[in-house]
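To start, the structure itself, in structure tokens.
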Amino acid sequence: MTTKRIEKIARHIESEHRAKRRFKRLTGDLAPRSLDECYAIQNRLAAAFLDEDGPVTGYKIALTSPAVQKLCNVDQPAGGLIQADRFRQGPGNASVTDFVRLGVEFELAVRIGDAVLAGGAPWTRDSIMPHVAAIMPAFELIDDRDADYADLDGFSIAADRCWNGGVVLGTPVTDWQHADLSAAAVTMTMNNGETESGSTGATLGHPLDALAWLANQWAGIGRSMESGAVIMTGSVLATRFPKAGDHFRHEIAGLGAVELFIDG
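So the sequence shown is numbered by the working numbering: it starts at 8 and just counts up by one.
Structural data, given as structure tokens:
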């Protein structure tokens with residue numbers, strides 16, 4: 008890994024975003040060779056978009072399901088950085104015109120209390136639990152930029168900030184310890200009619216296992232998760248690609264609900 012190489016790949020991704028070009032996997036000398044390279048590219052992109060998106064204040068885990076990993080030719084999830092101005096409190100609105108192709112994902116978000124320090128690794132579900140100050144239902148807005156899903160690779164997605172385009176948060180719940188996060192029911196209602204159900208256990212078996220995995224990823228590159236950071240633990244339902252006028256309600260049993268309205 009060289010600074011010049013990372014800079015070249017990051018500049019390419021930045022220019023693709025600014026031109027709103029269709030997503031294409033990175034090839035040749037633009038192809039990342041490891042997740043560590045992807046994370047270095049993400050750091051460079053966070054600096055490039057600092058004026059628009061603010062500093063990094065959150066993180067996400069992506070590529071959690073075996074089916075998606077197979078599709079993207081990877082054997083593990085990937086972590087992503089989320090910048091401050093991409094967070095908003097629900098109920099929220101998103102405009103399809105702000106994205107090349109808007110996708111909506113249904114997640115459980117975690118707010119960190121005491122910092123999760125890189126020096127504390129390896130983290131486990133039990134050791135990281137006291138660092139969780141609050142949890143909440145949340146939408147992640149992704150922009151896959153109309154990607155061809157028959158021609159993907161995980162490193163290209165990871166380098167591209169795991170396609171994060173924003174987050175809409177529900178009301179934080181601080182007395183969450185009563186909830187069985189391995190099996191809490193999730194219900195998505197679309198346009199006050201169509202429904203889909205799932206479970207918070209869809210993210211690596213337990214959202215806090217996903218959180219610990221991500222903390223260990225960052226620890227491997229010397230990064231801590233600071234107090235107040237918000238972490239998206241992975242989608243528990245299939246991604247929806249909405250049209251203007253759609254409305255979503257995402258509820259986690261015992262932990263509240265959040266709403267999202269799609270504008271033109």
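For every residue, glycine included, the Cβ atom is placed at its ideal position computed from N, Cα and C. Because the structure is a prediction, the values reported are computed rather than measured.
In whole angstroms, what separates the C-alpha of Cys79 from that of Leu159? 5 angstroms
Go through its chain and collect everything with a Cβ distance to Phe286's Cβ below 8 angstroms, but skip five positions before and after it. Since the first residue of the chain shown is 8 and the last is 271, residue 286 is not available in this structure.
Helix or strand or just coil, what does DSSP make of Ile7? Lying outside 8 to 271, the shown extent of the chain, residue 7 is not represented and no answer is given.
Beta-carbon within less than 8 angstroms of Asp60's beta-carbon, same chain only, minus the 5 sequence neighbours each way: which residues are those? Ala53, Gln90, Ala91, Asp92, Arg93
Opening and closing residue of the alpha helix (DSSP H) in which Lys31 lies: Per DSSP, Lys31 belongs to no alpha helix (DSSP H) and is neither H nor E.
Kindly list the residues whose CB is nearer than 7 angstroms to the CB of Thr181, restricted to its own chain and excluding five residues on each side of it in sequence; keep chain order. Ala140, Ala141
In angstroms with no decimal places, state the Cα-to-Cα distance between Ser134 and Val117. 15 angstroms
DSSP beta-bridge partners of Thr202: Thr196
Using 8 angstroms as the Cβ pair cut-off and three pairs as the minimum, do the region 193 to 205 and the region 117 to 130 touch? no
I'd like to check one pair, Ala85 with Leu42: are the Cβ atoms closer than 8 angstroms? yes
Compute the beta-carbon to beta-carbon distance between Ile20 and Ala166, rounded to the nearest angstrom, for a pair I have assumed lies under 8 angstroms. 6 angstroms
Rounded C-alpha distance that separates Gly177 from Ser163: 30 angstroms
In its own chain, which residues sit with a C-beta less than 6 angstroms from the C-beta of Leu267, not counting the 5 before and 5 after it? Gly99, Phe146, Val175, Phe255
Presumed contact (8 angstroms Cβ cut-off) between Phe106 and Gly205, rounded CB distance: Between Gly205 and Phe106 the Cβ distance is about 24 angstroms, and since that is not below 8 angstroms, they are no contact.
So, with DSSP's three-state summary, where would you put Arg18? helix
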